[in-house]
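To start, the structure itself, in structure tokens.
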Amino acid sequence: MASACHRLGFYASLLKRQLTGRPRAIKWERIVIPGCTRGTYSVTGEWTKEYTLQTRKDVEKWWYQRIKEQISQTSDTDKSKPKFYVLSMFPYPSGKLHMGHVRVYTISDTIARFQKMRGMQVINPMGWDAFGLPAENAAIERNLHPELWTQSNMKHMRKQLDRLGLCFSWDREIATCLPDYYKWTQYLFIKLYEAGLAYQKEALVNWDPVDQTVLANEQVDEHGCSWRSGAKVEQKYLRQWFIKTTAYAKAMQDSLADLPEWYGIKGMQAHWIGDCVGCHLDFTLKVDGQVTAEMLTAYTATPEAIYGTSHVAISPSHRLLHGHSSLKEAFQKALVPGTDCLTPVMAVNKLTQQEVPVVIMAKADLEGSLDAKIGIPSTSSEDTILAQTLGLFYSEVIETLPDGTERLVDSAEFTGMTRKDAFQALTQKARRKRVGGDVTSDKLKDWLISRQRYWGTPIPIIHCPACGPVPVPQEDLPVTLPSISSFTGKGGSPLAMASEWVNCSCPRCKGTAKRETDTMDTFVDSAWYYLRYTDPQNIQSPFSTALADFWMPVDLYIGGKEHAVMHLFYARFFSHFCHDQKMVKHREPFHKLLAQGLIKGQTFRLPSGQYLQREEIDLTGSVPVHSKTKEVLEVTWEKMSKSKHNGVDPEDVVEQYGIDTIRLYILFAAPPEKDILWDVKTDALPGVLRWQQRLWALATRFIEARASGKAPKPQLLSNEEKAEARKLWEYKNSVISQVTAHFTEDFSLNSVISQLMGLSAALSQASQRVLLHSPEFEDALCALLVMAAPMAPHITSELWAGLALVPKKLCTHYAWDATVLLQAWPTVDPKFLEQPDVVEMAVLINNKACGKILVPQQVAQDQDKVRDLVLQSELGARLLQGRSIKKAFLSPRTALINFLVQE
Numbered sequence: 018m019a020s021a022c023h024r025l026g027f028y029a030s031l032l033k034r035q036l037t038g039r040p041r042a043i044k045w046e047r048i049v050i051p052g053c054t055r056g057t058y059s060v061t062g063e064w065t066k067e068y069t070l071q072t073r074k075d076v077e078k079w080w081y082q083r084i085k086e087q088i089s090q091t092s093d094t095d096k097s098k099p100k101f102y103v104l105s106m107f108p109y110p111s112g113k114l115h116m117g118h119v120r121v122y123t124i125s126d127t128i129a130r131f132q133k134m135r136g137m138q139v140i141n142p143m144g145w146d147a148f149g150l151p152a153e154n155a156a157i158e159r160n161l162h163p164e165l166w167t168q169s170n171m172k173h174m175r176k177q178l179d180r181l182g183l184c185f186s187w188d189r190e191i192a193t194c195l196p197d198y199y200k201w202t203q204y205l206f207i208k209l210y211e212a213g214l215a216y217q218k219e220a221l222v223n224w225d226p227v228d229q230t231v232l233a234n235e236q237v238d239e240h241g242c243s244w245r246s247g248a249k250v251e252q253k254y255l256r257q258w259f260i261k262t263t264a265y266a267k268a269m270q271d272s273l274a275d276l277p278e279w280y281g282i283k284g285m286q287a288h289w290i291g292d293c294v295g296c297h298l299d300f301t302l303k304v305d306g307q308v309t310a311e312m313l314t315a316y317t318a319t320p321e322a323i324y325g326t327s328h329v330a331i332s333p334s335h336r337l338l339h340g341h342s343s344l345k346e347a348f349q350k351a352l353v354p355g356t357d358c359l360t361p362v363m364a365v366n367k368l369t370q371q372e373v374p375v376v377i378m379a380k381a382d383l384e385g386s387l388d389a390k391i392g393i394p395s396t397s398s399e400d401t402i403l404a405q406t407l408g409l410f411y412s413e414v415i416e417t418l419p420d421g422t423e424r425l426v427d428s429a430e431f432t433g434m435t436r437k438d439a440f441q442a443l444t445q446k447a448r449r450k451r452v453g454g455d456v457t458s459d460k461l462k463d464w465l466i467s468r469q470r471y472w473g474t475p476i477p478i479i480h481c482p483a484c485g486p487v488p489v490p491q492e493d494l495p496v497t498l499p500s501i502s503s504f505t506g507k508g509g510s511p512l513a514m515a516s517e518w519v520n521c522s523c524p525r526c527k528g529t530a531k532r533e534t535d536t537m538d539t540f541v542d543s544a545w546y547y548l549r550y551t552d553p554q555n556i557q558s559p560f561s562t563a564l565a566d567f568w569m570p571v572d573l574y575i576g577g578k579e580h581a582v583m584h585l586f587y588a589r590f591f592s593h594f595c596h597d598q599k600m601v602k603h604r605e606p607f608h609k610l611l612a613q614g615l616i617k618g619q620t621f622r623l624p625s626g627q628y629l630q631r632e633e634i635d636l637t638g639s640v641p642v643h644s645k646t647k648e649v650l651e652v653t654w655e656k657m658s659k660s661k662h663n664g665v666d667p668e669d670v671v672e673q674y675g676i677d678t679i680r681l682y683i684l685f686a687a688p689p690e691k692d693i694l695w696d697v698k699t700d701a702l703p704g705v706l707r708w709q710q711r712l713w714a715l716a717t718r719f720i721e722a723r724a725s726g727k728a729p730k731p732q733l734l735s736n737e738e739k740a741e742a743r744k745l746w747e748y749k750n751s752v753i754s755q756v757t758a759h760f761t762e763d764f765s766l767n768s769v770i771s772q773l774m775g776l777s778a779a780l781s782q783a784s785q786r787v788l789l790h791s792p793e794f795e796d797a798l799c800a801l802l803v804m805a806a807p808m809a810p811h812i813t814s815e816l817w818a819g820l821a822l823v824p825k826k827l828c829t830h831y832a833w834d835a836t837v838l839l840q841a842w843p844t845v846d847p848k849f850l851e852q853p854d855v856v857e858m859a860v861l862i863n864n865k866a867c868g869k870i871l872v873p874q875q876v877a878q879d880q881d882k883v884r885d886l887v888l889q890s891e892l893g894a895r896l897l898q899g900r901s902i903k904k905a906f907l908s909p910r911t912a913l914i915n916f917l918v919q920e
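FYI, in my numbering the residues of the sequence shown are 18 to 920.
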């Protein structure tokens with residue numbers, strides 16, 4: 018009914034009376050439709066001239082539900098329309114949103130609305146990263162079950178997100194803790210296992226003594242503490258599950274080159290992976306000529322020279338010396354600390370069948386993060402010295418031809434090949450035989466996913482005494498969590514205490530067996546969620562290939578920079594794997610990436626380090642002091658946190674300022690990638706409040722002028738007034754061009770608001786006759802509201818409804834029977850681009866697109882003049898003023914100028 022009400026407009030387009038002077042309100046004749054009520058002016062039939070706090074509340078109260086109903090749902094996939102998949106990283110359901118959530122979701126919401134207005138078919142999904150230690154720890158503290166705690170938090174946070182008026186595709190909502198989601202996490206794990214990419218081995222692991230679980234290396238900070246509990250991490254040897262991420266290191270490193278610039282994130286990914294120049298190879302171990310059950314995997318940067326191996330070196334901290342290995346005693350007897358030690362253990366290369374001794378190295382650390390390395394004297398002077406010192410046999414397997422080419426000798430079927438060809442042939446053969454060969458770096462390790470806690474995805478493996486590890490059959494998935502009351506495992510998984518759940522029969526031999534009691538790291542759940550969003554109700558498979566191929570890759574992925582290494586690496590790995598499994602067409606999951614900055618709050622700290630609450634601080638003097646002790650406080654800006662007493666409740670802020678004001682503040686206060694210092698006393702908040710008032714005043718002035726009874730007549734304009742109108746037309750087109758570029762290229766939404774503020778100011782200065790009679794003013798005002806709508810949907814919806822009532826409009830290309838958010842995005846007039854005397858120049862700073870300015874054709878090829886024009890422009894003043902410009906490069910052919918500045 019609401020949409021029908023709006024289409025009819027509620028008002029006759031006839032004026033009820035002619036206005037004289039400047040009355041406080043404009044009255045319209047109303048048409049009342051049964052069951053319909055309107056907010057603000059339509060309740061009284063008056064257009065309120067002042068935009069007060071009460072006006073803001075009335076506007077948002079009226080439009081909130083209508084906008085939500087209008088835009089939140091996504092229709093079935095229509096392949097005739099171009100798609101846009103905008104994704105913000107889903108939250109952990111802690112029970113309460115913080116301002117960091119508000120920032121990332123405001124950005125994604127704004128981009129989604131913009132793309133819908135461009136005619137794209139958009140999904141902007143939301144869900145919950147719902148497994149993990151925090152819920153389990155909270156359950157223990159409150160004597161609750163983690164499921165009850167998590168479900169309650171999801172429900173509450175959903176209400177909070179709705180309160181912010183965000184246009185998520187809620188029909189695609191997922192939660193990783195629900196069996197209909199983690200069934201498919203288990204399915205993908207089994208696919209990895211069948212491909213040889215999920216395996217179990219004993220390893221020296223990071224043990225969190227507080228959370229009682231293993232942590233991956235990535236979850237231990239630079240001080241050796243847990244990323245969750247903050248406890249000092251201990252080292253233990255345990256049998257754990259790993260995912261072989263090293264198998265995709267080279268492919269993931271190489272494919273970074275095909276992605277658009279991620280502004281530093283690609284470099285972080287490349288550094289994390291390392292230089293992929295070698296591979297691991299597998300060895301069996303022998304003692305006294307007898308083959309043991311032990312295996313050893315070792316790395317070499319020159320696998321093509323493998324037939325020249327002299328030894329395999331292990332570090333003094335290797336699991337074979339400290340774990341539960343049957344060879345532990347033999348290695349420890351051979352160990353002489355501080356000395357390179359030859360051991361009685363022989364390593365047999367599973368690819369070449371060569372047999373070489375194992376050496377314990379004197380140095381504690383090998384290259385990168387290695388604990389085992391293949392010694393090849395032909396390619397390493399260090400290995401040559403060690404082999405000669407210990408009297409080890411080896412062959413020279415590389416010869417150099419007169420032209421400098423290196424080729425292999427004494428290397429079986431690889432003899433005669435160049436080193437490059439031999440490298441490819443040997444690693445391919447090793448991969449084919451599943452004895453190693455995946456090209457990777459010496460720093461990247463496989464992903465340790467075992468967690469000894471309850472609240473996670475059960476690992477779908479059954480351990481049979483006769484058959485060994487056996488995957489749970491697909492028809493028996495999901496393996497659901499048992500109902501238990503105690504969540505402390507006393508050094509092991511709490512699942513181990515659920516005997517009825519643990520004890521089962523083997524799927525192969527039907528004999529007595531036991532379930533795996535470790536659960537998966539929650540990062541596994543979030544490594545593929547973007548694919549599930551494309552087909553969230555599918556009960557036959559994780560997702561339909563056709564739907565995934567239509568929606569993927571994610572066009573814009575938005576989230577915190579703290580996830581730019583771990584999560585992004587794991588998500589890319591899963592996408593590469595699914596591509597190789599023929600499940601998806603695209604190898605990379607994310608096209609463009611926007612890593613937004615933090616929102617920081619002011620903290621007050623005593624010299625002892627204790628953080629104080631605001632009521633404990635005396636701010637009346639020149640510097641803040643402790644109210645009781647009068648000690649001078651250290652004042653800093655830090656990430657918002659309850660423990661630091663610097664958090665801001667989003668609901669309180671919305672209640673005080675309104676949704677649109679907070680959205681505009683977050684978008685205007687800083688570029689998305691920069692941190693925001695949350696201080697409402699700064700210019701940003703008053704600035705966006707003034708802008709909303711200016712928009713309201715502009716619409717009011719226009720309505721008043723047209724309500725005066727005078728019909729607009731463009732032919733009455735003088736030449737001087739026509740020139741003024743043409744300048745508005747040019748300015749409007751320039752702003753459309755720049756704003757659209759920001760929305761599609763660099764996502765500098767603060768610059769979008771600056772541009773629209775500039776257009777608002779120009780319209781405010783227009784003469785009364787131009788306002789009344791020119792289509793240029795009307796069109797520019799309409800375009801302004803349409804472009805502001807994705808950022809401030811409520812006020813622009815109300816203003817558009819007001820403009821829709823104006824009779825005898827000159828601009829008929831707008832859909833006046835539809836709301837502002839259903840308008841088509843404004844486009845630049847082709848005549849504007851055809852002007853022979855104007856060139857639209859793109860401005861880049863350190864290779865990053867920052868906006869565009871118009872320059873006269875006659876100076877478009879003069880670097881100095883273009884540089885000066887940029888510096889004189891609003892864009893240049895805002896982005897370059899006070900910065901050290903090292904050089905500027907002009908490209909007349911592509912109409913861009915690139916400023917290299919000191920960061």
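We put the beta carbon where it would ideally sit given N, CA and C, even for glycine.
Smallest Cα separation from residue i: which of the options?
i, options, result
"valine 571", "Lys100, Pro641 and Gln82", "Lys100"
"aspartate 455", "Gln405, Thr417 and Thr314", "Thr314"
"alanine 287", "Glu633, Thr432 and Leu585", "Leu585"
"valine 294", "Lys303, Thr317 and Val308", "Thr317"
"glutamate 605", "Ile679, Leu548 and Thr263", "Leu548"
"glutamine 217", "Met583, Glu633, Ser735 and Trp464", "Trp464"
"proline 729", "Gln709, Pro792 and Ile683", "Pro792"
"leucine 684", "Pro475, His759, Ala818 and Leu344", "His759"
"phenylalanine 849", "Ser754, Gly136, Lys345 and Val308", "Ser754"
"leucine 302", "Thr230, Glu372 and Trp833", "Glu372"
"leucine 564", "Gly577, Ile556 and Tyr550", "Tyr550"
"lysine 882", "Pro909, Phe504, Ser901 and Pro163", "Pro909"
Under the rule that 16 or more other beta-carbon atoms within 10 Å means buried, what is residue i, buried or exposed?
i, result
"lysine 249", "exposed"
"cysteine 358", "buried"
"tryptophan 45", "Confidence in tryptophan 45 is poor, its pLDDT being 43 and thus under 50, which makes the residue's placement unreliable; the coordinate value appears in the next sentence. It is buried - the Cβ of tryptophan 45 has at least 16 other Cβ atoms within 10 Å."
"glycine 56", "Unreliable placement is indicated for glycine 56, whose pLDDT of 41 sits below 50; no coordinate value is reported for it."
"proline 277", "exposed"
"leucine 352", "exposed"
"methionine 312", "exposed"
Taking the alpha helix (DSSP H) that residue i falls in, what are its first and last residues?
i, result
"aspartate 937", "A question about residue 937 goes unanswered here, because the residues of the chain that appear run from 18 up to 920."
Whole-angstrom Cβ separation of residue i and residue j, contact assumed at under 8 Å?
i, j, result
"glutamate 321", "alanine 439", "4 Å"
"threonine 457", "alanine 266", "4 Å"
"tryptophan 713", "tyrosine 68", "4 Å"
"methionine 569", "phenylalanine 540", "That pair is no contact at about 20 Å."
"methionine 804", "leucine 839", "About 14 Å; that fails the 8 Å criterion."
"isoleucine 501", "alanine 515", "5 Å"
In the DSSP assignment, the beta strand (DSSP E) including residue i goes from what residue to what residue?
i, result
"leucine 529", "As written in the sequence, residue 529 is threonine, which differs from the leucine given in the question. Here the beta strand (DSSP E) through threonine 529 covers 529 to 532."
"asparagine 915", "913 to 918"
"cysteine 526", "Where cysteine 526 is concerned, there is no enclosing beta strand (DSSP E), given that its DSSP letter is neither H nor E."
"cysteine 481", "478 to 481"
"threonine 444", "Looking at the DSSP string, threonine 444 is not in any beta strand (DSSP E); the run it does join, the alpha helix (DSSP H), is 436 to 449."
So is residue i in contact with chain C if we call contact Cβ pairs under 8 Å?
i, result
"glutamine 286", "Among the protein chains of the structure shown there is no chain C, as only one such chain exists."
With hydrogens ignored, establish whether the beta-carbon of residue i is closer than 7 Å to any heavy atom of the ligand ZN.
i, result
"leucine 273", "This structure simply doesn't include the ligand ZN, nor any ligand for that matter."
Legend entry - Within the region 204 to 272, ranges of the alpha helix (DSSP H) (whole runs, at least 4 residues): Fully enclosed alpha helix (DSSP H) runs of 4 or longer: 266 to 272.
Legend entry - Minimum length 4: unbroken alpha helix (DSSP H) runs contained in the region 721 to 760: Correct list: 736 to 758.
Inset, instruction - Tell me the start and end of each unbroken alpha helix (DSSP H) in the region 530 to 613 that is at least 4 residues and wholly inside, in chain order. - result: Assignment of alpha helix (DSSP H) within the region 530 to 613, counting only whole runs of 4 or more residues, yields 539 to 542, 546 to 549, 562 to 568 and 583 to 597 in chain order.
Legend entry - Start-end ranges of the beta strand (DSSP E) lying completely within the region 825 to 863, minimum 3 residues: With a minimum length of 3 residues, the unbroken runs of beta strand (DSSP E) contained wholly in the region 825 to 863 fall at 855 to 862.
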